[in-house]
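Asker:
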């Protein structure tokens with residue numbers, strides 16, 4: 104009788120002036136770095152192929168992509 108684990112809802116992939124360092128993408132990056140023993144000062148371009156794949160999978164599962172019909176934030 105396995106319980107279905109509910110996935111957290113996707114978060115917006117937009118940085119607002121109000122959130123700054125608390126923007127969800129930065130929080131997600133810090134979470135990824137902590138789980139994978141990667142210095143938080145690293146850039147995604149500095150990840151090796153395996154780490155980059157895990158980062159892309161996490162982003163795809165947690166960040167909501169803006170559709171082309173959605174207006175850009177002002």
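Numbering (my numbering), first residue to last: 104 to 177. From the three backbone atoms N, C-alpha and C, an ideal C-beta is built for every residue, glycine too.
Have a look at residue 128 and residue 135 and give me their C-alpha separation to the nearest angstrom.
Answerer: On the chain shown, position 25 is the one that residue 128 refers to. On the chain shown, position 32 is the one that residue 135 refers to. Cα-Cα distance, rounded: 10 angstroms.
Asker: Can you tell me which of the three DSSP states residue 166 falls into?
Answerer: The residue given as residue 166 occupies position 63 in the chain shown. Residue state, collapsed to three classes: strand.
Asker: On the DSSP letters alone, give me the boundaries of the alpha helix (DSSP H) that residue 127 sits inside.
Answerer: Residue mapping note: residue 127 aligns to position 24 of the chain shown, counting from 1. 127–138 is the extent of the alpha helix (DSSP H) around residue 127.
Asker: Using alpha carbons as the reference points, say which of 132, 151 and 155 lies closest to residue 143.
Answerer: Indexing the chain shown from 1 puts residue 143 at position 40. With distances taken between Cα atoms, residue 143 lies closest to 132.
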